[in-house]
Structures are given as C-alpha cells and as structure tokens.
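Same order as they appear, the protein sequences are chains A and B. Take the first sequence: its letters are residues 1 to 611, numbered as in my numbering. Take the second sequence: its letters are residues 612 to 1222, numbered as in my numbering. First comes the structure, then the notes that go with it.
Number of protein chains: 2
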Amino acid sequence: MEKIKNSAFTHVKFMDGFWKDRYELNRDVSLRAVYDRFEETGRFNALRFHHREGKSDLHIFYDSDVAKWIEAVGYLIENGENLPEEEKIIDALILDMEKNQLPDGYINSYFIQIAPSKRFTDRNCHELYCAGHLIEGAIAYDRATGKSKLLDIMKRYVDCIERYFVTEKIAAYDTCGHEEIELALVKLFEHTGDKKYLNLALYFINARGVSEKDESLSKDWNKKYDQSEIPLRNLSLAEGHAVRAVYLYIGMAEVALKTQDPELLDACRRVWRDIVDRKMYVTGGIGSGKTGEAFTSAYDLPNLEAYSESCAAIGLALFALSMQKAELNAEYGAVIERIMYNGLLSSTSLDGKAFFYENPLEIHLASVGKETSILPHRQIQLPSRHRSEVFGCSCCPPNINRIFARVGDFFFSRCGNAFVINQYAAVDYNDGAVSFTMKTEYPNDGKITLQIHKCDCKELLFRIPEWCEEYVVSTEYMEKQGYIAVSAGEKEISVEFKMKPYFVQCNPLARANVGRVALCYGPTVYCLERLDNDFELNAISIDTDTEIAVGDVSAEYGMRSLKANAYLDQNFGALYRKVKGDEKTVSLTFRPYYSFANREECDMLIWLRRK
Amino acid sequence: MEKIKNSAFTHVKFMDGFWKDRYELNRDVSLRAVYDRFEETGRFNALRFHHREGKSDLHIFYDSDVAKWIEAVGYLIENGENLPEEEKIIDALILDMEKNQLPDGYINSYFIQIAPSKRFTDRNCHELYCAGHLIEGAIAYDRATGKSKLLDIMKRYVDCIERYFVTEKIAAYDTCGHEEIELALVKLFEHTGDKKYLNLALYFINARGVSEKDESLSKDWNKKYDQSEIPLRNLSLAEGHAVRAVYLYIGMAEVALKTQDPELLDACRRVWRDIVDRKMYVTGGIGSGKTGEAFTSAYDLPNLEAYSESCAAIGLALFALSMQKAELNAEYGAVIERIMYNGLLSSTSLDGKAFFYENPLEIHLASVGKETSILPHRQIQLPSRHRSEVFGCSCCPPNINRIFARVGDFFFSRCGNAFVINQYAAVDYNDGAVSFTMKTEYPNDGKITLQIHKCDCKELLFRIPEWCEEYVVSTEYMEKQGYIAVSAGEKEISVEFKMKPYFVQCNPLARANVGRVALCYGPTVYCLERLDNDFELNAISIDTDTEIAVGDVSAEYGMRSLKANAYLDQNFGALYRKVKGDEKTVSLTFRPYYSFANREECDMLIWLRRK
C-alpha cells in the first residue's frame, strides 16, 4: 500500500536562500530560546526528577515539551550540526531519567513525583501523549548519536504500557485522551523492526470509540472532542480538538499503510477531504474554535477569532506527509506548501525568539475585549496579537523547533521509478542513488533549475503548484496527475512556474470571507498591516483587475513586498446610509502574512473587500 | 427644559391600516396568550401569594412579568377597550396582594414567600426592578379604571423603600442591580404630583457608581455590566447589560428634564450618540452580545450571533421618546421608526402568539451548533431561530403587550406653537385642542393626508423620514430641523414622501457588514428567506443599480414584497480558488425582516453581498 517513499530530511541540505535562513534561525536562535524558557519554567527539572528539590510546579505534559526539544536536537545532529552543549544537557537528563524510571518501566515526571497512585487512572492526563513524544525524541536521539539509553528507557516503558493496557488491562481506560502514542509506536516499529510496537499502535486505533470503560473526559466535553465517539474506521468528519485529531489521523494513516488496511486508509481520506474542502484556513491553519481548540462546523472560518493553533498546522502537514505515501496526488504537496509558507512560518517571530500558539488571520484592535469588557474573569477573548517566548501550555514552541529541523522531509519522495519533487528550495540533495543540486529563488521566483549528478530513477516529477497557471519546461514533458513528468536522463532541467500576484476567493459557504479576496504571490498569502497602511482596513476595497507592483525581496522577511492601489470609503460618520460612492484612491503595501505582528501591535487583514 | 410635550396614546385611534392590525392582534391574541402562559407557569399565583399551596417555582422577577401585563391591560382600557375578564383577574390579584403586603409596606412575591430574611440584601435580586414595574402597572391601572388600590399598595411600598434606602439606610446596597425603579418613580411623581417620588428617583440616580457599599453583582461581572462603575453624569459610553442600560437612561433623561439638570441630560445625549452612531443594528436592535445580554464594543454588530433582545429595542424606543422631549430633533423619531417597523415588529409572530427574546439578523442553519458540537453543557450558542410562547426569563412578551397597547405614544408631540407629527399611520387624533384625521397607507405608501378638524397650533411639523430623498407638499412649506413646517391654517394638507426601494450600506467599521447592503422600502428593512429563495444566501451578490419590482401588499404580513435579480456564485467545490467570475442570474423575493421565521426553519439574510 505504501506506493511512495518519502525522502528523509537528512538527504536535503539547504543552500543559500529562504529555507536555509529559516533552518538556521531555528538552529541558532529558536532552539536555544525554547531551551532557556523551559529551563526557567522548570520543565527540564521536572524530567530530571528534581521536583522535590526545586520549586517547579509540575504540569502533566511537561515531559512532552522537553521530548520535542530533544527530538529537534536529534534531527539537527542528524543533519550534521554540532551541538555539544545540547548533547550534554540531554545525556545528563537521560541519566536522571534512568535513575528515576520505576522498576516496572513506568516513567512520567508528573505521576512519579506528584501523583504516584494515580497512574493510568485519568485519560485526560496525557500520560500516553507524553510517552509518545518521549518515544519520538528517543528515536531521533538514537539515530543522531547512536546513544540508545533513552530509547532503551522508552522500550521498557512501552512494555509497561503494553502490560497495563493490553495484557493485564489494569489501566482505567483503553485509549489516551490526547492522541500521539499511535504515531510514535509506528515510528518505533520502523526504527526497531519489532512488530510488537505496530501491534500496540493498532490496538489503540482499534480500541478508540468502542471502549467499554468510561472514557468520558469530563462533563464539559462530549466524545467528539477526543475522537472517541465512533470506531475510527467509520470516521468521515474531522471533529473535536484539532491537534488531537490530526495526530490521530497520522497514526491511523501510518498504521493503515503498514498493516495494509484499506478501510482505515479510506477513513483517513474522508477526514482529509473534510479538512481540506471545508475546514482549513487559506494559511493552512486548522481548528478555528477557541472553545476546545477544535474544529467547528464546515466552513466556519472566522478570521478575527481564528484559533488555528501552530501545532495543528504542523500536524496537518505531517498528516499530508503520511497520506502522500499512499498515492501520487499533488494535493498533499499543495497543502504542505500552503502550510509551510503561511501557517507554519507565521508561528515564529522574525527574530526566532517568540511564537504564536493561536495564529489569528485578522487583527482589529478596536474589537479587542469586546465581550470581556463586562467580564473580567471569563474566557471569551480574541487570540493573542503578539508572539510569546513561552506559554503555560507551551506545546507549540518545541514543535516548531522539531519541524524546522526536519523541514527537508517535505521536499522529495520516490514513487516506483519516479523521483518526485514536492517542494522547491535551493538545496543539495543526495540519498546515494539520487543526487542533484536545485537552484531557485523560490518562493520569490518560480524558476527552478535541477543539475542532476546521479539518478537511478527513470522519471522526474515536478509538482505543479496549485497557484500556477502557466509554466515553461526546458525539455520534453508530460503532465501527469498534477505533476510535470520529464525523463531523468538530462543533466540539467529547468522548470519555470510563472509567478505573478493573484487574488484568491473563498467558497461563499465560508461566511467570514464572503465578498472578500486575498492577495497571494506564489505560495505566499499576503496581508495588510495598519503600520504600513494607516486606514481602517475594512474600509478598503480592491479591484481584482488592478495592477500589482512586485517589490524586491525584503531583508526583513525574505520575501517580496507587493503594492497596489485600492479604494477607501470616506465620510462615513453615520452607522447607516443609503448606498453611495464616496471613496478615494489609496496606495497599499502588502507583506507576507507570516511576517505580521513583528512590530508594534496594529490591525492586520488578509481578506480584503473586493471592489 | 422639557421643550416638547409628547401626546399620549389615548388621543390616538388607529383606523384601518397596518398599525390597527398590529394593535388589535396584541389586544385580541398576544395579551391573552401571555396571560395563559403566565398563569400556567405560576407567575400569577406567585403574586397571589399562593405559593405555599401551589407548585409554582417562584422566580425573583415574576412580579415584573405580571406587572407589565397589568400595565398593558391598563393602557388598553384607557384606549376604551372593554376587558372585563382581565379586570376581574387583576382586581382579585390586587386583593391578594393587599392581604399579603407586610405591615411596613414591603411587597415582593419571591422574598415574602421564599426568602423573607433576605430582603434588600442582594442587589442582583431585582427587588427594585420588580417594584418599578409594579408601580408602572399600578399607575396605568389607576388611570384606566380609577381603581387606586394597587397604586395605594405601591405608594406604601415606595415609602418602605425610601426608609430602607434613604432614611434608615439599612438596605445592603444603595442601587438596584437592574434599573427600572428610577423611571417608575418619575412616572409616579407625574401621576401624583408628589415630589418625594422624584426626589427618590434622583437619589438612586445620584447614588449609582459612587456607593460606598459593596455593589459588585458577582465575580463574573464588573461594574460596567450594571452601569455602576462611574457617576452617571460622567457617562459617555453605552455599556453593560443593554436593557438595564436603556431603562437607566430613560430614568436619567426623565429626572434631568424634571429637575432641570443639563449635566445629566448631556450624559444622556452622549450615550444616545454612542448607541445610535456605533451600537445599533439596522433594525433598531441593541445589545449585540449574548454574554451579559450586553453592549459590546463600538461597531461590533454580528448578524448571526445578534442578541438584540426585544426588551432592549423597546427600551431604546422609550429612551428616544424621553429624549424627544428635550429638543426638536428628527433623529429621535427616526430611531423610533426604525425600531417600530423592524426590531419591535420582529419580536412577535404573525399569529400574535409567540415572541422572540433574541432577534437574530441572520439565520444560517449550517452554522447551528458549530461550537457546541463538542460541548453538550456549555453556553456558547446562536440565538433561537423561532419565537416561543413563554421563556424561563419571560420579560419580553408582556413588554411587547404593553408597548403595542401604547404605540400611539410614539406618534405626536407639541413643541411650543407647533404640533409635531413624528410617525405616520391611519389615525383619528383628538386631544381636545387639536383634532385631525390622518389618511395614509404608510408604511406601504408615503402619501399622507391630514384633514384638520381643530387646531390651536400655529404650525404643523411633519418629520421627514431618514430614508426619504424627495417629497411633495400640497401647500407652502419650509424645511426646519428635519421637519416640513406648514401653517396650521389649512383644512387639508397632503405630504408625499416618495417611497421606492433603496439599498443601505453600513459604516465599514462594522466588520460584519463590510461589502454588504440591505434592501429597504420606506422604513422597512427587508430580508431573504431560503424558503422563497432556495440558494445559499451568502453565495448571492446584488448590483445596487438593479431594478427592484415592488409587489402588492401581502395579506400575510401587511407589507409589500420586493423582487429583484441578482447573481449566484456557481461551481464552487473547492474551498479556495483564484478569482474568477462564474455566476448565474437568479430571481430573488424579499420580505420584510420582521416577518421572518414564521414558517418552517430556514436560512435568513438581511445584509447581502454587494456586486
């Protein structure tokens, strides 16, 4: 069933260009920034089991925060980076973990130190979620350094989990309230070749939605919230907590591919369609509802109130990456591209030190606090308008660390005799059998030149970006399922995806965007910030036939600025008036959405009223 | 300071036409429907002090529900209606009240029967709010029937209140959490001529926002919620619970006019401007936030989530009626007209039996339950899509009863030597000094003919409706502060306000309506219902230059239907696509907004995307 094999990031070396800058910013700034904040907030001490000595307030999922950071370090070292300090920190931490692992293999910093009698009694306490992230971290660290101590710890823990949940069935529940263990177990199977891990993943997939134990999380949430309402093979809608959902879908897809389970894979295809056709922001963000950090109803994509958690965008990209293995379908690469240049990039400040948890698609300062003005203690509020260095629930920052470290994973794959180019950047690629240099200014220019040094494939497939209407290929080609197919015999192949600004419109079922358009350039969604355009942004309307001036690549954010004329409503004192035209022409400066909120707080708008 | 004297509804007799139908529907159907539901739900038994015998679950503001119904009966009898059954019910009820009034004058069905030791200890328990409504009911019943027993009861209660709050200051708080007593005390002063009632009203106005007692309502709400944050003379924003706010503003305006307090009147003018310029729906509804039933931020006027309580629209109309006395300003009549034909009418079903508490400005069935899908027990939900016969908190239905009974109050006033015509309907008017017959098909036609039988005024002023751009007057006239001024010497005067369909646009600061227009005819806002237009309503766009066909007056809802061609987006499978035109022409049928939701549940939209 796994028709396509994705190429590992380790074969991809970014050369001068946009993604090299992002990769290095993560390596040189974000990784350290996350470490410092996690050290300050006691997350590392928690997993060092220093709680009794220190003052840290343990949180039930601190382990997962640290685990993702370890995973990021592992990927960077695997990429050939030299990170001796980080290795030292991790090695010492692993020793502490080893000392504190219980004789039966159990390891969890919260439950061992705070609530030893409660382990595996509350499925809303993220124990298997933490275990899953630690497994991912252990694998990455083992692969990177050959040091297997953490992996051994986690293998012992998985054996313990297997006893609690399968052999002895003494856990109070069958499945974890927050998915993650499923995909981690498949990775552990891939890394070790031991099928028991795949079987345990399958066990958790099969148990979900059919448990006879009381699996309700709380009186607040129904079973859709954590995807526990129905057997997973019957899923057709993406519902509930968005991060939990996509992490589960990744696990489902991986298990389906490894166990040859077409029914399970079809369920993945259905939820994929539900997300991509009805529940995904133009930035690739998902999970529009703050309440429950959840998917809401189809086409409910508010901009001002967008939740769109960074982890959810990352999860969707990884779900696409898994689905991409099932069949040659350019849509998976298109969604990954949408996320890469928009919803993923927006998560991180331009200086690399701060992160968005929620990623709003509009900022309107006058609306801030609208419902909370009378409600000092209530929860209804708009998403944060600035990135933060750390959060109480700080799952996103280390997730960002690990995804930028492995972003090369998104670029290439093999499909039979074809080598597939899914994403474009200036890279050197070498997996032993295939080796080439890709030269491009992407995403600032659509010209791509491949200098092929070695290739055991017959065919090269270039994904045609969703936004591209016209392209030129330097050699003979065929169009094939959304790809340009050329013979791999050439030494050099150029493809130019003609890049010019364009406007996107949204399905009118999405009420928030009715009558509005978003300006894009290549894969990048643009926005207006009021600091550059000192008008009420919602009073602007734009003619989609207007000429857009394409600027140079900005040193500030590494992409081009765009400029255009538009109309500004004027003389609007009254709340209502008979329709009349009273507008003046104004000149607008657009910047990539991802670069918003890097200066002082100001209004921001993606979806402009169409003239 | 009271430059203008409003003419009482008792001088206004509706002749065949739109308002006669509404008036009679209220008299013949709604009044009885509300009584029946209130009898069934124990509200009358509560105030009969039959709680110990019956099974009714008393509510802290049942008294106010019954009081408003008594007030409505009073107005109808004052209008010459014969309501012997209702009188019998009320007379018997008053006997029960008299028997149960405490020796010190205290009377409240909840506190006497349920919590006698708690009286005047919790300012969120609506005691003075109930007292205020009972005072209004008592005055109306006394005026209508000359039976003063209820009025005497309430006078004794006011003396008790005065002791508790002013003389002995033994109440736990200084001002009631829900305003109403202030305006009621001014009415009592007007009715009795006894200045002590005005002084007590002034006392409550002066005490608000400066109390040294703990006046916080609960941990949930801050002091803006019940307008207790700052001294009222410093108010500039309309904030907090919308009904409480406008009831307070009425009291403030009345006290300001009666006590010659320009500072207090200026505060009223400021909150009026804040409402009318920034916080009022096109229907005249106010209070857009479900949370706290409150005003939110300026220009925050969501349609789908509109709270827009019926009581709040009624309160705003009454606030306008009070403000209208301060100065000749056509805006007050314009806002009243907006409410009369839209936000007030929408409150009641066409059969007169059911009522809206919230009045949504859009219905989109696909969005129903969007946030609650994972939240079976939580509060976030859209307003009801159908009218109900009674509510747990059923303040609106009897408020509707009393406002339709006195709707004649909105029509005429005197300003020095001028007689002012603020609203238009087929009526006979006679106040002794002025007598005329007004013939018109308003709101279905803008032609108005006045046959003047008697007039001691020099001048007649016809308010020029806000929507009117062209008018014809049968005699010499001048335009004056938004009015047409003609000499009162003529026997017959005709004015025609040319009525044709027109589109309204909204200030672009109101994000919900950006790029959208509302079709109107005369004072009436129109909407699309999906039952008449089987399309996704948000996929429709309309050219504001399109020709609108004006239909005959519908027997169903008493106004004209409108028809127009528009465009429907087509072939929109994907969530996003490059901008392209793919539309077909469709024919639309519009009905007055107020008549929506009288058939089976369906989508409804006022604000259409502008082509």
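A virtual CB, placed ideally from N, CA and C, is assigned to each residue, including glycine.
Cβ-Cβ separation, residue j to residue i (assumed contact under 8 Å), whole Å
i	j	result
Ala-909/B	Ala-366/A	7 Å
Ala-313/A	Gly-284/A	6 Å
Ile-89/A	Asn-303/A	Not really, about 40 Å apart at Cβ, beyond 8 Å.
Phe-1073/B	Ile-1095/B	4 Å
Glu-547/A	Ala-564/A	7 Å
Test: residue i CB closer than 8 Å to a CB of chain B
i	result
Val-579/A	yes
Gly-446/A	no
Val-282/A	yes
Arg-516/A	yes
Leu-575/A	yes
Ser-228/A	no
Leu-509/A	yes
Ala-201/A	no
Ala-597/A	no
Asp-300/A	yes
Thr-544/A	yes
Ala-620/A	The structure shown does not extend to residue 620/A, since chain A is modelled only from 1 to 611, so the question has no answer here.
Arg-609/A	yes
Ser-541/A	yes
Same chain only: Cβ atoms within 8 Å of residue i, ignoring 5 sequence neighbours per side
i	result
Tyr-686/B	Phe-620, Ala-751, Ala-755, Arg-1013, Ala-1016 and Arg-1017
Glu-692/B	Arg-638
Ala-928/B	Gly-895, Val-946, Ile-947, Ile-950, Met-951, Leu-955, Ile-1014 and Phe-1021
Asp-627/B	Ala-1037
One or two residues paired with residue i in a DSSP bridge
i	result
Arg-624/B	According to the sequence displayed, residue 624/B carries Lys and not Arg. DSSP lists Asp-1039/B as partners of Lys-624/B.
Ser-1098/B	Glu-1070/B
Ile-400/A	Ile-400/A pairs with nothing; no bridge assigned.
Residue-chain proximity (residue i, chain A), Cβ-Cβ < 8 Å
i	result
Arg-1141/B	no
Glu-942/B	no
Cys-1117/B	yes
Phe-1201/B	no
Ile-1104/B	no
Gly-980/B	yes
Phe-1114/B	yes
Ser-960/B	no
Ser-908/B	yes
Phe-966/B	no
Asn-953/B	no
Phe-625/B	no
Asn-1149/B	yes
Arg-889/B	yes
His-988/B	Bear in mind that the predicted position of His-988/B carries a pLDDT of just 47, short of 50, making it unreliable; the figure below should be weighed with that in mind. For His-988/B, the answer is yes, since a Cβ of chain A falls inside 8 Å of its Cβ.
Phe-620/B	no
Asp-1180/B	yes
Phe-1183/B	yes
Own chain residues within Cβ distance below 7 Å of residue i, not counting five before or after
i	result
Asn-617/B	Leu-932, Gln-935, Lys-936, Asp-1020 and Ser-1024
Ser-1172/B	Gly-1162, Ser-1165, Thr-1200, Phe-1201 and Arg-1202
Ala-683/B	Leu-642, Pro-1009, Asn-1012, Arg-1013 and Ala-1016
Leu-859/B	Glu-790, Glu-793 and Gln-838
6 Å Cβ shell around residue i - same chain, five flanking residues per side excluded
i	result
Arg-244/A	His-178, Glu-179 and Asp-226
Ala-867/B	Leu-875 and Leu-876
Ala-1150/B	Leu-1179 and Asp-1180
Check: residue i C-beta below 7 Å from any heavy atom of the ligand ADP
i	result
Ile-94/A	Judged by which ligands are present, the structure shown has none, so any question about the ligand ADP falls away.
Scan the segment 1064 to 1096 of chain B and note each continuous beta strand (DSSP E) run of 3 residues or more that stays entirely inside, going in chain order. List check, beta strand (DSSP E) in window: 1070 to 1074, 1082 to 1084 and 1089 to 1091.
| message | In chain order, what are the residue ranges of uninterrupted alpha helix (DSSP H) at least 4 long that sit wholly in the segment 30 to 115 of chain A? | response | Counting only runs of 4 or more, we get 31 to 40, 43 to 47, 62 to 78, 84 to 100 and 109 to 113.
Quick one: complete alpha helix (DSSP H) runs, 4+ long, within the segment 808 to 887 of chain B? Fully enclosed alpha helix (DSSP H) runs of 4 or longer: 853 to 870.
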